[in-house]
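Data first, discussion second: the structure below is written as structure tokens.
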Amino acid sequence: MRRRLPPSLLAGGVLVALVVLVAVVATIWTPRNPTQVDVVRRLSGIGQNGFLLGSDQLGRDELSLLMAGARTTLLVGVVTVVIAVAVGVPLGGLAALFGGALEEAVMRVSDVLLAFPALVLAILFAAVFRPGTVTAMAAIGIAFVPSFARVVRGAGLQVMEQDYVTVARGWGSGPLRLMVRHLLPNVGSVIIVQATVAFAIAILAEASLSYLGLGTTPGTPSWGLMLAEAQTYLAQAPLLGVWPGLCIGLSVLGFSLLGDGIRDLLDPRLVERMAQT
Amino acid sequence: MTAGFTRREFLRWGGAGVAGLAAAELVAACGAEGTGRVRKDTLTVGIVQEPTSLDPTADATASIALLLRDNVYEGLVRLSPNGEVLPQLATSWQRQDNVYTFHLTPEARWHDGTPFTAQDVKFSFDRAMNPSTRPPNPHADYWEPVQSVDVVDPHTIRVTLKEYSFNFLFHMGAGSASIVSPRTIATDATHPIGTGPFRFQSWNHGASLTLVRNDAYWGRKARLRKVVFRFITDPTAMNDALLTGGLDAIGQVEGTQQLAAFKSNPRFRVMEGQPVGKVIVTINNASGPLRDLRVRRALSRAVNRRSWIEGIWNGYAVPIGSHACPNQGEPYYIDTTSINPYDPAQARQLLQAAGYGSGLTLRLAPISDFAYSMQGAEILQSELQEVGVKVTQQPVRFAEWLATIFTGPQNFDLTIVDHVEERDIGNYGNPAYYWHYDNPTLAGWLRQADADPDQTSRNALYAKIQRTIAEDAVNIFVASPHSLAVTAADVRGYPSGAVSPSLYLADTYFA
Amino acid sequence: MGPLILSRAAGLVVALVAASVLIFVVVNVLPGDPASVILGTAATPGALAQLRQQLGLDQPAWVRYLEWVGGMLHGDFGISPISRIPVGPEILQKLTVSAPLALGGTLVALVVAIPLGALAGIRHRRPSGVVISALSLGGMAVPAFWAGLLLISLFAVRLQLVPSGGFVPWSQDPLGSLTSLALPCLALGLVQGAVLTRYVRSAVIDVQRQDFMRTARAQGLSRWQALVRHGFRNAAIPVVTVLGIQLTSLIVGAVVIENVFDLPGLGLLLFQAVGNRDLVTVQDLVMLLTAAVLVVNLVVDLSYRLLDPRIRAR
Amino acid sequence: MSAPALEVRGLQVLVGETEAVRGVDFTLEQGARTGLIGESGSGKTLTALAVMDLLPDGLVARGEIWYRGRDLLRLSERERSRLRGDRLTMVFQEPLSALDPLMRVGDQVAEPLRLHRRLSRTEARARARELLERVQLPDPVERLRAYPHQLSGGQRQRVMIAMAVACSPDILIADEPTTALDVTVQAEILALLERLVREEGTTLLLITHDLAIVSQVCDQVLVMYGGRIVEAGPTAEVFSHPRHPYTLALLEAIPPIDQQLPNGRLTQIPGAVPGLGEFPSGCPFRTRCLRETSCCSTMPEMAGTSHPVACWHPLS
Amino acid sequence: MSSSPLFEVRGVTKRYRLPRTSVFARRREIVAVSRVDLDLNDSDSLGLVGDSGAGKSTLLRLLLGLEPPDEGSIRYQGEWRRREVQIVFQDPTRALDPRMTVAEIVLEPLRVLRLREPMSTRLSELLDAVGLPRAAADRYPHEFSGGQRQRIAIARALAPRPRVLLADEPVSALDVSVRAQILNLLHDLRDLYGLALVLVSHDLSVVRHLCDRIAVMHRGEVVEQQQTQSLFTAPTHPYTVRLLEAIPRLRWRPSPRPSE
């Protein structure tokens, strides 16, 4: 069956690919050393003194900082999502599979965890451990766990109600087999959608934390940090407050669009609707 | 530990008014008084850091003294904005060798109406000196030279020192040397009772603190009826508040990048004061490669002071070469900036000679509460990278800095901090001090200098001390930032020097 | 409904206890001894021990936990070891900033999201609907603090209409207080509104697909009449359930926004308390925020049940 | 014979580029009960929705629908809503989802009365109670205050029917009204529907895939396949002498209830119903038909007067 | 014929507890199946009819062994119930894992039950038996029509060579024109493999067509159990009578014509 790709998938794919590309390029090359201070040429405008996007309050190259910032952003996104998936998916899967007391326990714990706003958790973590990228990633990742567990449980329960699972149980398929053979493959798309959405939220959360000085440590380029530093210079160099924000916004947009697109692509209801009308 | 190195001093730059020349303004303004229109009599001052408590002996936060010392609380003496010792509760005093006799004003009354007596001074000083009653504000060293405090009569008190101390009287102007009432000390944290020209009215946490004129003041009464301190942490917001009329004065200007705008605007007056404080990159002299003089010298030479002064203070700072700054509070200052000039090539050679030609990695712990420290870290990282030294940053909150770097395990290589305290060069005589500089000869010179009543020989000795510290490249000495204040154009008599720990507003008024 | 409220309330109590244990454990693993932080350079072993005793740190953990929880139940939130100020009144006072901020933000979000979302849902195939939903998607991608920065840069720095931050106390100048809250509420509300718009839109789209909407039109109602009489009420149910989640993220947004605009609210207090290692305040604040989220979720849950007779009956 | 109640000419329903209903003609005689038979995807529901002007967004109806001398497709949206629920009404398949879950049953039944008859709230409520009595809902007074989820499936469908007959419509379209119900309930609902229609002289269009129901209720029948009407005529005539191979195949594929098949096997139609837009050109049934010849690749017209059929090779 | 039946169901009752509506409310129970007695012999075909909620599907789950009855006993006399009792459901979309190919689906029971069969030969046999092309093996369920999906489900049920086939409304989700194909297939397979068949349907004509014996269920109970022919001619229970009367009958039928 041939289907038109959802436009959000294309737009999101392009944006995400762009971020990934920039991050990859930045690991080998940036126009200048992003941490190189050049006070004499600070606050250069666009194109001035050879700074394509200008320079910041310490004379660092804005473009190089942005490129290197993409690297940080992607790293945070990947690590948090991996943490959340690695913990949340098995928990949700087991809850759906076994039900009963286990499910009850998993759900209650995740209810309580959900009551902690992710950022509050991250602030707590920053206080308990040293503020830094690792702490931020761990906090955000843990904050995501309940939502993954819930989504996987919800989708898993639907799978468990399907007749093919009943048939498999009729043959005596064990929990492990049900999980590997039926549950995980069928909630896979849900996980992918959730992961892209989580990725977008992680980017936002990291930016907020870095802005507060609780995320990425200075010395490592980060969009949130750049915005924090730019705030003092809004009157002199308003663009310093625009570039990193745009980068954050576009990356988040990219991942949200990608998530939407994948959902549209995989949503059986939509497929049904297309076939019906 | 004898070091009087406290939060207050660090925060004076970070959180308090950096004042400047004020006395001249004060006199000049007197004639301009009202011609019919209603005189404004409430002054609103923007303050970056809110005090944590209103008891000047409670803890080391600089803004406690900034707002309350000389306004609400008084001491035996006070410091002028430029660091001269002026009479306060002690209207006069004599020194005979090691013994000071202070004559107290008989008219002073506490804000609760009880009379002020010499007993109150003895209570305050004994409390500060006795380890079991000593309040948390850690200025024990101010009373270190003191042998005993005796009440001669209700209005005379005698302080006997162990030996002559050049710095003793100066320190009696500090916030923690405020005289507190034994009857109200327990509640001073929230309802301060002092003897000063203003009395406390209200404290709206997170927003403002209000003082009103003490009409029963024993001395010259304040000219303002009311003073409101508004707490605004963000420098841009602070500047905006002044621009939009929400403030009459900024206690201290952090957003120096906007200073030009105020300077060119006739509605405002910018007061540039003396340089105050010593911003240094502290080197842990006991840590591995940093024990090597060549390495320390190399680090010093890798730093371009002009970059820092431009990048952080937009030019409002002067370079320093040793642990002293050119203001009247440190009269012994000499210029030592040529001892370790900016020279990356030589820095690289020195590192090569020390065996670190192939690279060196150092840990840097800037203090995240202070913008200068964080910005300095970025510059330092870049500059050291140029000479082949890799820096890994781990910012710490000030509280953590105190616990882990200043007093704690001291497991660090470099940190960046502003030593705002005046006349604190004595710390180089203490081998346990957090930079771990162990030089017994220099320690001897320091003791000798403090006990020397003769200004010429004392200053010569202090000059030798400053040079030695610079030559040993104990720390990287960067700059002394100017004290800066901005007020509305019609504000007169605003103190604009920051050698004094207080923002004394009794002489301030509107034109 | 009665037993339902009771059982939900029981669930809330269990969640609150679990949350308090979690917070207490996390906070009390904080490295660094609060006593030595307070004493700073003047710390002597004797003084440390004395202060610890004064702060009750020498007691076993469970005693301290029970005292903490017991105190809170009596409205006593303890005294900050740093400022020596009772935390309870402090929090109450900060609430005079944070509560209006959260309420204002919610209000802005609702005012933005409900009409725009409904319009986008009704016209989801037409250009105007697509534009709205694209805008809301864009709005979702904007970090609240960046929105704040942009608003500052426009309204405060360029136009100089409002201060770029800080707060004038209500008692001093109520109008000034409102002015200083205007931009923060806008920054918070616009971003939240963008998210909410998406939910309203999809709820309206979903409801239009429902069979009963076709039935309504079969009775002779026009498309618009059907939406007004049947559609919006039904669309409100999923939107209300989402409001709970929204409020959680609103609280998070407020913490950041208070930092951007330098507003002396709970968020700034929390941030500073963490910096000062003010354990008592941190512990109280996190508990309070968590409790707020849990209570809000409960209220949302109950009101959603009130709205829907299918669930009300059960 | 009076003028027909409804006359449909060349009706097409377009889903984007695809024709889901491909030119349909039929006439509903005044007071007649007509069955519209077809499998899923044959276009029968879309035909009904086109008549009611209830097509989902993005679907377009073309052709002519004549009602009382007016072509409905040329009326304004307002005029059509005025007819809907008053003169033309419809009963849907799924009575749970077709009722507003948040509104009391009484208010829903009263809605068409308030809208078209401008009755006051109390009048409408009184009428609603009468209507519920008429559809034999037990405890009508109590039921007025009930929400849809508190009723059983059969009761909900009675409510739907009450709404549909509230304004004594000219034409009532019932789309699979009993498919979601149990067999015993189905019989009651069909009996109710038939009785009401008979009493009021309402013209009924009953859409179903169940041939037995049509044979019980309807005097006329239309057979749809692949978006076209392939056979039409009086029910007895069409069922006992089907002329289209598809109609015959359908009838033969149903296991008889009253007798055992001699060989135990049913006549089966090969293949499956194609999806939308996948029907062959020409006669839509030709790929599954045993009588297919080359001429079947052009579309046969409906031919015949009382019992027309669209087939190149009709059964005699 | 063996003397003892394959399935011996005696006094079986199954209750379900509804989820708690609140911590204080007592959990309500519904009795899905109540005191049911049934026998099923080899090659028997039994129809289960009744309204929705009568307990037909629950009874099938009990026969399949997914859960134990609360009261009474179900005795299976064969060797290996998991292998020998297989099921076909109503909605083939829900019954096939969309992420597995037809080959994987059909062969899955052999893997789970660890049956040593030559997989590819068996696959071809099964596809042939249900009338699917062999090329179907590598495709996914969504590529097939409803009738074909039901054939896949039947192939899977046949894979482990069952003795009993349970069918829960196997044709009610299918188009009318496709129903006959599946009914004929079930008819043929039953005869070919000598399967015992338990067929649940609300459509009495389907049951009549495929089953020798019919059990009428009402509110969890089997109210009447008879040979098909006699049930239609002489129903005894009032509910059965009502059910039979309610069935819409085709009033006219084309007269049988000579086959083409």
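Chains as they are written, first to last, in the working numbering: chain A, 111 to 387; chain B, 671 to 1181; chain C, -12 to 301; chain D, 40 to 355; chain E, 39 to 298.
Cβ coordinates follow ideal geometry from the N, Cα and C atoms, glycine included.
When rounded, the separation of the alpha-carbon atoms in ALA163/D and ARG72/D is 29 Å. Contact with chain E is absent for GLN189/D, since none of that chain's Cβ atoms lies less than 7 Å from the residue's Cβ.
For secondary structure counted as the alpha helix (DSSP H) over 4 or more consecutive residues, the region 204 to 240 of chain D holds these complete runs in sequence order: 222 to 239. A Cβ-Cβ separation of about 21 Å leaves TRP133/C out of contact with LEU185/A under the 8 Å criterion. Burial check for HIS1152/B: the Cβ neighbour count within 10 Å reaches 16 or more, so the residue is buried.
A straight line joining the alpha-carbon of SER802/B with that of VAL286/C spans about 53 Å. Taken in chain order, the unbroken stretches of beta strand (DSSP E) that lie wholly in the region 753 to 793 of chain B and span 3 residues or more are 755 to 757, 760 to 766 and 769 to 774.
Counting only unbroken stretches of 4 or more residues, no alpha helix (DSSP H) element lies wholly within the region 190 to 216 of chain A. With a cutoff of 7 Å on beta-carbon distance, TYR1107/B and TYR1098/B are scored as near each other. DSSP, read as helix, strand or coil, puts ASP80/E in coil.
Listed in chain order, the alpha helix (DSSP H) runs fully inside the region 238 to 295 of chain C are 253 to 262 and 266 to 294, counting runs of at least 4 residues. If you draw a straight line from the Cα of GLY88/E to the Cα of MET270/A, it comes to about 27 Å. The three-state secondary structure of PHE899/B, taken from DSSP, is strand. In the same chain as LEU1054/B, and ignoring 5 residues on each side of it, the C-beta atoms closer than 8 Å to its own belong to LEU969, ALA972, LEU1032, LYS1060 and VAL1061, in chain order. Pairing ILE982/B with TYR887/B gives a Cβ-Cβ distance that is not under 7 Å.
Residues of the region 872 to 886 of chain B with a C-beta atom less than 8 Å from some C-beta of chain C are ASN874, HIS875, GLY876, ALA877 and SER878, listed in chain order. The Cβ-Cβ distance between ALA340/A and LEU350/A falls below 7 Å. By the C-beta density criterion, ARG109/D is exposed, having fewer than 16 other C-beta atoms within 10 angstroms.
Excluding the 5 residues flanking it on each side, LEU111/D has same chain C-beta neighbours closer than 6 Å at ILE104, in chain order.
When Cβ-Cβ separations below 7 Å define contact, PRO73/C makes no contact with chain B. Fully contained in the region 145 to 193 of chain E are the following alpha helix (DSSP H) runs of length 4 or more, in chain order: 157 to 168.
Residue range 83 to 91 is occupied by the alpha helix (DSSP H) that includes MET91/D, with no beta strand (DSSP E) assigned at that position. At a cut-off of 7 Å between C-beta atoms, ALA178/A does not count as an interface residue with respect to chain C. Straight-line measurement puts the Cα of ALA225/A at about 10 Å from the Cα of MET274/C. By the Cβ-count criterion, TRP49/C is exposed, with fewer than 16 other Cβ atoms from all chains shown falling within 10 Å of its own Cβ. TYR264/D and GLY77/D do touch by the CB rule: their CB atoms are close to 6 Å apart, below 8 Å.
Interface residue (Cβ-Cβ distance to chain E less than 7 Å): TRP281/A is classified as such. Between VAL260/D and GLY97/D, the CB-CB gap reaches or exceeds 7 Å. Chain-ordered, the chain A residues with CB closer than 8 Å to the CB of THR906/B read GLN341, THR342, LEU344 and ALA345.
When the Cα atoms are used, ALA778/B and GLU720/B turn out to be separated by approximately 29 Å. Burial check for THR712/B: the Cβ neighbour count within 10 Å stays below 16, so the residue is exposed. Restricting attention to PRO295/A, PHE235/A, SER118/A and LEU115/A, the CA atom closest to the CA of THR139/E is found in PRO295/A. In the three-state reduction of the DSSP assignment, PRO339/D falls in the coil class. According to the DSSP assignment, THR330/A belongs to no alpha helix (DSSP H), since it is labelled neither H nor E. Cβ contact annotation for GLY103/E (same chain, cutoff 6 Å, sequence separation greater than five): ARG119, in chain order.
Across the set VAL253/D, LEU114/D and MET129/D, the C-alpha of VAL253/D shows the shortest separation from the C-alpha of PHE278/D.
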